[in-house]
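What follows is one structure encoded as structure tokens, with my remarks underneath.
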Amino acid sequence: MGRLGLGFICVAGALAAGVAGLVAMGAGRAAIPPDTLVIGQLAEPKSLDPATVTAVNDFRILVNVFEGLTRYRPGTLEVGPGLAERWEILDGGKTYVFHLKPGVRFHDGTPFDADAVKFNLDRMLDPKHPAAGTGPFPLSFFFKPVREVIVVDPLTIKLRLEAPYAPLLSNLAYPAGLMVSPTAVTKLGRGFARAPVGTGPFRFAGWESERQVRLEANREHRDGAPKIDALVFRPIADANARLSEMLAGGLDVMPELPADSVAAFRGDPRFRLAEAAGPHLWFLILNVREGPTKDVRVRRAISLAIDRETLVHDVLQGTATAPAGPISEAFGPASDPAVTPYPHDPEKARALIREAGAEGARVTLLAAEGGSGMLEPIAMATAIQSDLRRVGLDARVETFEWNAYLARVNGGLKDAAMAEMAWMTNDPDTLPSLALKGSATPDKGGFNAGYYENPELDRLLDEARAEQDPKARAALYRRVDRLVHDDAPWAFVASWKQDAAVSASVQGFELQPSFLMDLRMVNKK
Amino acid sequence: MIAYALRRIALAVPVLFGVSVVVFLVMALIPGDPALAILGAFATPETVARLNADLGLDQPLPVRYLIWLKGVLTGDLGRSYALDRPVLDEVRDRIGPTLILASAALSLSVFFGLAAGVVSAVRQNTAFDGAVRLLLLVGISTPSFFFGILAAQWLGVELGWFPTGGMVSLFGGRGLFDLLHHLVLPAVTLAVVATAIVGRLTRAAMLDVLRQDHVRTARAKGVAEDRVIGVHALKPALVAVVPVIGLQAGYVLGGAVYVETVFQWPGIGRMLVEAIGRRDVLLVQGGVLVVATLYVAINVATDLLQAALDPRIKT
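If you read the protein sequences in the order shown, they are chains A and B. Note that the first sequence ends on residue 550 in the working numbering; no numbers are left out. Note that the second sequence ends on residue 527 in the working numbering; no numbers are left out.
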């Protein structure tokens, strides 16, 4: 052994000793403090201005900083009082008068009053509003029927609508309706998106890019301070990395588990698996304007050909159920219990396709690589492709990255026969009105990418929108459910059971059907 | 030598120009656009068109490129649409972590690669040589994403020796030790393939040189074996190895894209992946320009080092 070898051994030994030292020192490394809850996020938030975001990932942070006039009651999609303690609906549903809770203040100390509500709604709806430049506001269509916002007195606000609009109360509870501090928006402009100020149970305490968004308990909240002192939202884009971090104890809550990892948490005493069904729908948009899917027999055949049970149990590992129609079961009486999912009947599907003369027809299925609520889009597309081939359709899959996918699909299916899509909504009106109505085709600015048109459906949706009596409204949506199921402009494939792995020390954590994550009641042992 | 260096640097300018044109074109050709990424699933063609106009993306491609180029020449890389902050600030924040990670990985691979190659060559055809060659073969064939996930799972989750991600602890200790502790897994993951390549090449080059006349002469003169290997053999062998190390520096920068994602390292690679997803054209342009500049600088430095090692290379 010469000097060279000795030198090498010395350096290598020093490196090994250094690494061992690091391991030893790291062994006592600080775990998550007991007064802090760490949530693993799928991505860095786009913005913390609630009027500008559309992703459930960002909503999880926002509903803890901000509040809306109304709020979903825990465990339901029913709307109860939020910043408004009560309201009246007048003029057959064309006027809403909200009475605001007195004494509410934003985290910056400014009062929450009727002027603040007017600022919030006008900012989204009036392109000439001084703060309109803080947009764009992609969900402003939630409040499109609002014609005028009138301040009656500091604690009373009146909304005049151009037509009755039953989803309004629910939309006000959704993140687009969360109330921001006008003073802070005016002062910070677009910078508000990185320094949000609301009235909620937690106040914003910092955003380090790619590391964390930190919220701290708002001790002055009128309902009392939340049970935990701080919330930390960590963006970990890679699903495997997120899983490792959860297993290593670096996260308290990991929402939206990859289907394959659910089993790892089930039966592990260190974790609890939280689940809650919500109005999520994963479906295929079928091209009703051209190609073989123009024929309702082919569309029904596609629904009969898809083996939903296998998809839901094997591909999605039991994290979803098979839906029947466009109105999610989570909407309670609005969903028709008599409408059941199409059975898996390849024989009948083959017969229908033969009858329609579409045997061997080439159909293109557009698939995304990922995306909000899309579950396992490629594996699902492949399974559906083989189901369709089995009944005599020459199915081809074309895959796109999410962003490119939205551009391709939202512009209309054109020559493609079908496309995957997933929506999470808050009201039975939202999805069919935005994506099935004749007036919602892409050229008219809607999401009806399959160009479905049915005057009967349009009439039912308009009627339901104007109906103030919840029972009568629900009855109308049951008819929508039946009609769309039978006419099959979409093939309904899966309805996700929202899930989260939660560390055993966390108490009071519940997932909500609204997909929002209100953490004021959460505590750690 | 100085004239040679200047010539090499002058040649880099058209390369960087070409890179920027290609990136600009590719970003324009892939479907989807920044407006769509900002508006999300609820984007309609109409709102997308309006926002694109607001962002100045409705102008013809050459015009947009020239505006960008004019900015670059005056030191302004533009503003990121998604982050709403100057590209230069974001790139400045992100380049540090990537340099730390890449230089750690490169140092590891140069040290272990050279050592493995030299020892393996000196002990050619022994069991030791066989073991090293096998290890190097495994190293070269293991994709870093696979190695990274295994390392995070085993050393991070199962044994709890190292953090599974991030650059500093979220709670408690932030300091050099904390940084090094976080650095071990990503740096080793990134170093694996490069170490194997450097090792294999060093071994081959050493075997070649050890057979040459001047080595035999040196031994015959009674020069100490250490000196024969370390000076008479290694120095000429390095002429062949140095350009490969230069190339590895480039690959390490490229590999950082994946390793940074797996280990949540807040570097420029991860920034680029996310910026591409959001179609944040100016951020991608700025990031790629900086990485390309680094790559070119490394290449120039490699050429110069090689010239210094081997007087036969014309300067």
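Glycine included, every Cβ here is placed at the ideal spot set by N, Cα and C.
First and last residue of the uninterrupted beta strand (DSSP E) at residue i
i	result
Pro106 of chain A	104 to 106
Tyr121 of chain A	120 to 125
Tyr293 of chain B	Counting along the chain, Tyr293 of chain B falls outside any beta strand (DSSP E), and DSSP gives it neither H nor E.
Leu522 of chain A	Residue 522 of chain A is actually Lys in this sequence, not Leu. Taken as a continuous stretch (DSSP letters only), the beta strand (DSSP E) holding Lys522 of chain A covers 515 to 528.
Glu535 of chain A	Note, Glu535 of chain A: premise wrong, no beta strand (DSSP E); not H, not E.
Thr424 of chain A	419 to 425
Asp178 of chain A	171 to 178
Ile310 of chain A	305 to 311
Ala392 of chain A	387 to 393
Endpoints, the alpha helix (DSSP H) within which residue i is located
i	result
Ile307 of chain B	299 to 334
His426 of chain B	425 to 432
Phe358 of chain B	356 to 363
Gln497 of chain B	493 to 521
Ile441 of chain B	It is not in any alpha helix (DSSP H) - Ile441 of chain B carries neither H nor E in the DSSP assignment.
Ala457 of chain A	The sequence shown places Pro at residue 457 of chain A, rather than the Ala named in the question. Taken as a continuous stretch (DSSP letters only), the alpha helix (DSSP H) holding Pro457 of chain A covers 455 to 460.
Asp483 of chain A	480 to 491
Arg130 of chain A	First-last for Arg130 of chain A: undefined, no H or E at that position.
Ile378 of chain A	371 to 380
His338 of chain A	Counting along the chain, His338 of chain A falls outside any alpha helix (DSSP H), and DSSP gives it neither H nor E.
Inter-residue CB distance, residue i and residue j (contact presumed, cutoff 8 Å)
i	j	result
Pro163 of chain A	Thr79 of chain A	5 Å
Lys549 of chain A	Leu62 of chain A	7 Å
Val518 of chain A	Pro457 of chain A	In fact, because the Cβ distance is near 17 Å, the residues do not count as touching under 8 Å.
Leu413 of chain B	Ala452 of chain B	7 Å
Pro200 of chain A	Pro75 of chain A	5 Å
Pro161 of chain A	Leu263 of chain B	5 Å
Val20 of chain A	Phe323 of chain B	Nothing in the structure corresponds to residue 20 of chain A, since chain A is present only between 26 and 550.
Tyr97 of chain A	Gln493 of chain A	Tyr97 of chain A to Gln493 of chain A, Cβ: 19 Å. No contact.
Ala468 of chain B	Thr310 of chain B	5 Å
Leu213 of chain A	Phe227 of chain A	That pair is no contact at about 19 Å.
Coil, strand or helix - residue i by DSSP
i	result
Thr61 of chain A	strand
Phe340 of chain B	helix
Gly231 of chain A	strand
Asp543 of chain A	coil
Asp270 of chain B	coil
Leu382 of chain B	coil
Leu183 of chain A	The residue asked about is misnamed: residue 183 of chain A is Lys in this sequence, not Leu. Lys183 of chain A: strand per DSSP, three-state reduction.
Gln410 of chain A	helix
Pro207 of chain A	helix
Gly93 of chain A	strand
Gly53 of chain A	Any reading at Gly53 of chain A is ruled out, since the residue's pLDDT is 49, under 50, leaving its predicted position unreliable.
Glu110 of chain A	strand
Gly38 of chain A	helix
Trp373 of chain B	coil
Pro226 of chain B	helix
Pro398 of chain B	helix
Pro317 of chain A	helix
Proximity test, residue i beta-carbon vs the ligand GTP heavy atom, cut-off 6 Å
i	result
Gly466 of chain B	Here there are no bound small molecules, and the ligand GTP is not part of this structure.
Any contact between the segment 516 to 532 of chain A and the segment 299 to 306 of chain A? By contact I mean 3 or more CB pairs, one from each, below 8 Å.
yes
Residues of the segment 392 to 421 of chain A with a CB closer than 9 Å to any CB of chain B: list them in chain order, please.
Gly396, Ser397, Gly398
Check each residue of the segment 192 to 223 of chain A: if its Cβ is closer than 9 Å to any Cβ of chain B, include it; give the result in chain order.
Arg215, Gly216, Ala218, Arg219
Stretch-stretch touch, CB-based, cutoff 8 Å, three pairs: the segment 426 to 439 of chain B with the segment 483 to 492 of chain B:
no
Counting pairs of Cβ atoms below 8 Å between the segment 421 to 440 of chain A and the segment 244 to 263 of chain B, do you hit three or more?
yes
Anything in the segment 425 to 443 of chain B with a Cβ closer than 7 Å to a Cβ of chain A? List those residues in chain order, please.
Glu437, Asp438, Ile441, Gly442
Taking contact to mean 3 or more Cβ pairs, one atom from each stretch, closer than 8 Å, check whether the segment 270 to 285 of chain A and the segment 360 to 375 of chain B are in contact.
yes
Using a Cβ cut-off of 7 Å, which residues of the segment 292 to 325 of chain A contact any Cβ in chain B, in chain order?
none
Please identify, using Cβ separations under 9 Å, the residues of the segment 242 to 266 of chain A that lie next to chain B, in order along the chain.
Val257, Arg259, Pro260, Ile261, Ala262, Asp263, Asn265, Ala266
Closer than 9 Å, Cβ to Cβ, to anything on chain B: give me those residues from the segment 422 to 433 of chain A, in chain order.
Phe425, Glu426, Trp427, Asn428, Ala429, Tyr430, Leu431, Ala432, Arg433
Count Cβ pairs between the segment 322 to 334 of chain A and the segment 412 to 423 of chain A that sit closer than 8 Å; are there 3 or more?
yes
Determine which residues of the segment 446 to 457 of chain B have a Cβ less than 7 Å from any Cβ of chain A, and write them out in chain order.
none
Interface positions of the segment 464 to 479 of chain B facing chain A (Cβ-Cβ less than 8 Å), listed along the chain:
Thr473, Val474, Phe475, Gln476, Pro478
For the pair the segment 378 to 391 of chain B and the segment 291 to 305 of chain B, tell me if three or more CB-CB distances fall below 8 Å.
no
Compile a chain-ordered list of the residues in the segment 281 to 301 of chain B whose CB is closer than 8 Å to at least one CB of chain A.
Ala294, Leu295, Asp296
For the segment 504 to 522 of chain B and the segment 223 to 243 of chain B, state whether three or more C-beta atom pairs, one from each stretch, are separated by less than 8 Å.
yes
State whether the segment 539 to 548 of chain A contacts the segment 82 to 93 of chain A, with contact taken as three or more CB pairs (one from each stretch) at a distance under 8 Å.
yes
Using 8 Å as the Cβ pair cut-off and three pairs as the minimum, do the segment 189 to 204 of chain A and the segment 97 to 109 of chain A touch?
yes
Determine contact between the segment 478 to 494 of chain A and the segment 233 to 251 of chain A, defined as no fewer than three beta-carbon pairs at a distance below 8 Å.
no
Is there contact between the segment 467 to 483 of chain A and the segment 497 to 514 of chain A, where contact requires at least three CB pairs shorter than 8 Å?
yes
Is the segment 468 to 478 of chain A touching the segment 350 to 364 of chain A in the sense that three or more CB pairs, one from each, lie closer than 8 Å?
no
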